[in-house]
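Q:
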Amino acid sequence: NQNGKDGNKMIFYYSENKNEEMVKYFIDCGADLNVKNKNGDTLLMISWEKENYDSVKYLIERGAAINKKNKDGNTILMLACKKENLEMIKFLVNHGADVNQVN
1 NQNGKDGNKM IFYYSENKNE EMVKYFIDCG ADLNVKNKNG DTLLMISWEK ENYDSVKYLI
61 ERGAAINKKN KDGNTILMLA CKKENLEMIK FLVNHGADVN QVN
């Protein structure tokens with residue numbers, strides 16, 4: 001859980017660059033699944049923004065908090081709804097995303 005030069009945890013660097021192998025390595029070594037970056041985004045949100053859907057699924061299956069909000073008050077479900085990604089919306093709801101949350 002070390003910080004990089006930009007002040008964010010190193011795991012965010014690997015997530016932003018779609019290096020799923022390193023993200024899994026950090027998680028297997030005990031990295032916090034629910035840590036937020038300087039902008040208030042979680043690893044789930046970063047993986048979502050980078051369209052790394054395998055990482056999103058992996059993080060959720062490993063226990064990442066699915067209903068965390070970023071600084072704008074959005075959850076990953078809200079972000080998926082904005083992009084109208086029905087497959088991901090179904091996956092998120094089936095894994096406990098709260099459809100009643102508001103921002």
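Take this note's numbering: the last position of the sequence shown gets the number 103, and nothing is skipped along the way.
Virtual Cβ for every residue (Gly too), placed ideally from N, Cα, C.
(1) So the candidates are 77, 15, 103, 20; which of them puts its Cα closest to the Cα of residue 93?
(2) Pick from 45, 103, 88: whose alpha carbon is nearest that of residue 73?
(3) By Cβ distance below 7 Å, which residues in the same chain neighbour residue 54 in space, the five residues on each side in sequence not counted?
(4) Per DSSP, what kind of secondary structure is residue 24 in: helix, strand or coil?
(5) Is DSSP giving residue 57 helix, strand or coil here?
(6) Counting along the chain, where does the alpha helix (DSSP H) carrying residue 66 start and finish?
(7) Considering only C-alpha positions, which residue in the set 29, 32, 17 is nearest to residue 47?
(8) Mark residue 98 as exposed unless 16 or more other C-beta atoms lie within 10 angstroms of its C-beta, in which case mark it buried.
A: With the given structure in hand:
(1) 77
(2) 103
(3) 20
(4) helix
(5) helix
(6) Taken as a continuous stretch (DSSP letters only), residue 66 belongs to no alpha helix (DSSP H), as it is neither H nor E.
(7) 17
(8) exposed
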